[in-house]
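Student: Protein chains in written order, with the working numbering: chain A, 1 to 376; chain B, 1001 to 1429. Backbone N, C-alpha and C define an ideal beta-carbon position, used for all residues, glycine too. Next up is a structure, given as structure tokens.
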């Protein structure tokens, strides 16, 4: 008797041989042919072993063993996994003509469904003991199934929550809602912890309602779209418009005076007493000239220790194309930094100092302060 | 799908296949184990030429790490031997021979306290000197020399800034001071605290010269500092230690330590003005070939074109990282292409690497002479660099990088052009 497992392997081996032949003739790719032929050989070998071993350790000469053998058990019970495979195939087909995402989701559904179905089929005939088979199935699948299911659930919750937050009309409403949800979760958790003997059904029901509400809210918010987020001008806009003067602009009004990145900068440049001084990590003391690598974004931190607003500027003298047009920005600058304020400026210089007659220097708009920059 | 949790005693054991009988005796197993251990010990001692041996420090910081890791490895080894010994004893002593499962005991407070206290004490004992050492390794105060290090796929650039006193790496140049830029080999004064300020132009790299210090990541947009101090003159090999793409394995580096007088000579030599080859020579033709074929990306300071104008390379237009090695003093280095190949022949290389500390400086400062030039590798590189070092340079696969390559592309140079370039480059000292 040829068992189901053997039939599967024989079919796979035959398919691999046919594929190898078709691929070899049609495509002529050496690597692909080697791979397919290797797979065909391996599958043929496994099929042969399986047929000889009768898919179990029951000897063919031992009639008493047949009744208890895995191969003698009833065929696998009905399963919902083929349904998933079918849905996956349909989604993948639709995805072929519409959207790559559908194609990917369909492919994942087919692979997941087929794997689950195969493992179910195998586990239900692993032995003559149903309980043992169920445990074998769990041992095989749980390490994969549980983390994946957990990740999907977490992803759904996070995504739905993010849609709700981004859908709220104002930033203040978002902060308020976030605080309320946090407080609610904390309060609920505290109540559950304080009250002894809360039934499993109550907890499951509560969490189910919360989950459904969250997913529904996420769906509604997602369909409504995100709130309009106003785009502010940046100091990049200033440079593009050649507005790096001492005058205040709209971009300066909107500019943040706080800096996120304060560590690992190339240098800290301080404006004080109408002078620019650099401190460079790795050096002791102050510097009156900076060395910056060529064609590499260098972050400098500008500290305004003067009594007035100040803006750090550097002329970049960019390379030009055949028509004399600059290939990069002509200058970059910080926003107008308030007294005692700090801002980060990213500088990319694409030419060595010796190639530029004027050289490079940081300056402060409306001041004579200057800090030479050397680009090797 | 039903999931039924069942108790062990309900599992039918008559259906579980039993292990086939083994004919191997206990003596045979012991012999196999002893052979395995012996072979491992023998193989472990095979590395005689190990320039990147982390257990052979040659500088202060590597020595400090070494002094810390030795006792930690010793403690870990002792703990490991005890744990594995106990496990082995239990496995053998209480092997399943069909005996009934012994009565299970729970909650021996004394044992639990002891088993918590011992690891806690060990970890605390290890943590204190480790944290102190980490802080000490990061202390960049009182550096005698600072070098800016920039990583890119797949080579390192070193530039030596001029400090407030007009010194370069703690040395006052004999002539006018100017920034020095080099690649492949970073030259430092011996016995001096050297701080590197490292960053990257493209992806994360990691600077690692095991005999002088541990690893330090070089991250785009950030400047990370790290210390080096070599005990004696010599060459110390390193390797990029953060996977950075196709030729990560070919991104090497070497630190060359010279005594103070030799380092002064090196600095002065690097600042020598450019010398054009003698007119009418092969090298002079090579200079023009360099201008037409190589200077789009590679800078040679002082090089002028036929109109007498300074030639300024524009690697940012052709290379994804925006830089290519500066070749002004190429033949003062011993390596090329990310320190992956030697510019010296095997014998000449050995002569430099194996020189005594007293002789090393003079031999290194000789640079690459015509008789010592490794023409085979250099010409292979000029002939078809992507075939020698894997790089993303296929013109048909550069859509993601706006047509820019990640290394030196195939230039289709003729053999005559290659000979001219070699004749020109050998004079770049």
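Between residue 123 of chain A and chain B, is there a C-beta pair that is closer than 7 Å?
Tutor: Cβ-Cβ to chain B under 7 Å: no for residue 123 of chain A.
Student: Would you check if the distance between the CB atom of residue 1381 of chain B and the CB atom of residue 1337 of chain B is smaller than 7 Å?
Tutor: For residue 1381 of chain B and residue 1337 of chain B, yes; Cβs fall inside 7 Å.
Student: Per DSSP, residue 87 of chain A forms a beta bridge with which residues?
Tutor: Paired residues: none, contrary to the question.
Student: Output yes or no for whether 7 Å exceeds the beta carbon distance between residue 1324 of chain B and residue 1315 of chain B.
Tutor: Against a cut-off of 7 Å, the Cβ pair of residue 1315 of chain B and residue 1324 of chain B comes out as a contact.
Student: Express the C-alpha separation of residue 1249 of chain B and residue 1379 of chain B in angstroms, rounding to a whole number.
Tutor: Cα to Cα, the separation comes out at about 21 Å.
Student: Does the separation of the CB atoms of residue 1170 of chain B and residue 1177 of chain B fall below 7 Å?
Tutor: Their beta carbons are not under 7 Å apart, which means residue 1170 of chain B does not touch residue 1177 of chain B by this criterion.
Student: Show which residues of chain B have a CB atom less than 8 Å away from the CB atom of residue 351 of chain A.
Tutor: Simply 1312.
Student: Could you list the residues in the segment 1315-1333 of chain B with a C-beta less than 9 Å from some C-beta on chain A, going in chain order?
Tutor: Per Cβ criterion, the list reads 1315, 1316, 1317, 1319, 1321, 1322, 1323 and 1326.
Student: Any chance you could list the beta strand (DSSP E) runs of at least 3 consecutive residues sitting entirely within the segment 1212-1236 of chain B, in chain order?
Tutor: Entirely contained in the segment 1212-1236 of chain B, the beta strand (DSSP E) runs reaching 3 residues are, in chain order, 1215-1218 and 1224-1228.
Student: Here's the rule: buried if 16 or more other CB atoms are within 10 angstroms of the residue's CB, otherwise exposed. What is residue 206 of chain A?
Tutor: Label assigned to residue 206 of chain A: exposed.
Student: In whole angstroms, what is the alpha-carbon distance linking residue 110 of chain A and residue 183 of chain A?
Tutor: In a straight line, the C-alpha of residue 110 of chain A is about 42 Å away from that of residue 183 of chain A.
Student: Where residue 1295 of chain B and residue 98 of chain A are concerned, what is the direct C-alpha to C-alpha distance, given to the nearest angstrom?
Tutor: About 49 Å.
Student: Can you pull the chain A neighbours of residue 1307 of chain B, defined as C-beta to C-beta under 8 Å?
Tutor: Here the premise fails: no neighbours, minimum Cβ distance about 15 Å.
Student: Between the Cα of residue 369 of chain A and the Cα atoms of A:277, A:80, A:52 and A:117, which residue gives the shortest distance?
Tutor: With distances taken between Cα atoms, residue 369 of chain A lies closest to A:277.
Student: Between which residues of its own chain and residue 1021 of chain B is the CB-CB distance below 7 Å, once the five residues before and five after are set aside?
Tutor: For residue 1021 of chain B, the pLDDT reaches just 48, beneath the cut-off of 50, and the residue's location in the model is therefore unreliable, leaving the point undetermined.
Student: For a quick check, are the C-beta atoms of residue 1269 of chain B and residue 1061 of chain B less than 7 Å apart?
Tutor: No; because the gap between Cβ atoms is not below 7 Å, this pair is not in contact.
Student: Check each residue of the segment 1156-1184 of chain B: if its Cβ is closer than 9 Å to any Cβ of chain A, include it; give the result in chain order.
Tutor: Cβ contacts with chain A: 1157, 1159, 1160, 1161, 1162, 1163, 1164, 1178, 1179, 1180 and 1181.
Student: DSSP three-state label for residue 1426 of chain B, please.
Tutor: Reduced to three states, the DSSP call for residue 1426 of chain B is coil.
Student: Considering Cα atoms alone, identify which of A:356, A:214 and A:332 is closest to residue 347 of chain A.
Tutor: It is A:332 whose Cα lies nearest to the Cα of residue 347 of chain A.
Student: Give me the Cα-Cα distance between residue 1224 of chain B and residue 1107 of chain B, rounded to the nearest whole angstrom.
Tutor: Straight-line Cα distance between these residues: approximately 50 Å.
Student: With a 10 Å radius around its C-beta and 16 neighbouring C-beta atoms as the bar for buried, classify residue 1070 of chain B as buried or exposed.
Tutor: When all chains shown are included, residue 1070 of chain B counts as exposed.
Student: Chain B beta carbons: is any one of them nearer than 7 Å to that of residue 304 of chain A?
Tutor: Answer no: the Cβ-Cβ gap between residue 304 of chain A and chain B never drops below 7 Å.
Student: According to DSSP, what are the bridge partners of residue 268 of chain A?
Tutor: Answer is A:279 and A:301.
Student: With a threshold of 16 other CB atoms inside 10 Å of the CB of residue 1425 of chain B, please say whether the residue is buried or exposed.
Tutor: Its Cβ being crowded by 16 or more others within 10 Å, residue 1425 of chain B is buried.
Student: In whole angstroms, give me the CA-to-CA distance for residue 106 of chain A and residue 90 of chain A.
Tutor: Cα-Cα distance, rounded: 7 Å.
Student: According to DSSP, is residue 1021 of chain B part of a helix, a strand, or is it coil?
Tutor: Any answer about residue 1021 of chain B is weak, because its pLDDT of 48 lies below 50 and its placement is not dependable; what the coordinates show is given next. Three-state DSSP puts residue 1021 of chain B in coil, outside helix and strand.
Student: Leaving aside the five residues before and after residue 10 of chain A along the sequence, list all residues of the same chain whose C-beta is less than 6 Å from its C-beta, in chain order.
Tutor: These residues qualify, in order along the chain: 47.
Student: Mind checking if residue 1401 of chain B is an interface residue toward chain A, Cβ cutoff 7 Å exclusive?
Tutor: So no, residue 1401 of chain B is outside the interface.
Student: With 7 Å as the threshold, decide whether the Cβ of residue 1296 of chain B is near any Cβ in chain A.
Tutor: Not one chain A Cβ lies under 7 Å of residue 1296 of chain B.
Student: Residues of chain B with CB under 7 Å from residue 294 of chain A, in chain order?
Tutor: Near residue 294 of chain A (Cβ distances below 7 Å), the residues of chain B are 1323.
Student: Does residue 1216 of chain B come within less than 7 Å of chain A when only Cβ atoms are used?
Tutor: Answer no: the Cβ-Cβ gap between residue 1216 of chain B and chain A never drops below 7 Å.
Student: List the residues of chain B that residue 319 of chain A touches, going by C-beta distances under 9 Å, in chain order.
Tutor: Those are 1312, 1314, 1316 and 1317, listed as they occur along chain B.
Student: Ends of the alpha helix (DSSP H) at residue 1173 of chain B?
Tutor: No alpha helix (DSSP H) holds residue 1173 of chain B; DSSP gives it neither H nor E.
Student: Run through chain A and tell me which residues come within less than 7 Å of residue 1146 of chain B, C-beta to C-beta.
Tutor: Per Cβ cutoff of 7 Å: 282 and 283.
Student: Do you know whose CA, among B:1088, B:1193 and B:1057, lies nearest residue 1260 of chain B's CA?
Tutor: Cα-wise, what sits closest to residue 1260 of chain B is B:1193.
Student: Please report how far the alpha carbon of residue 1385 of chain B lies from the alpha carbon of residue 1408 of chain B, in whole angstroms.
Tutor: Cα-Cα distance, rounded: 6 Å.
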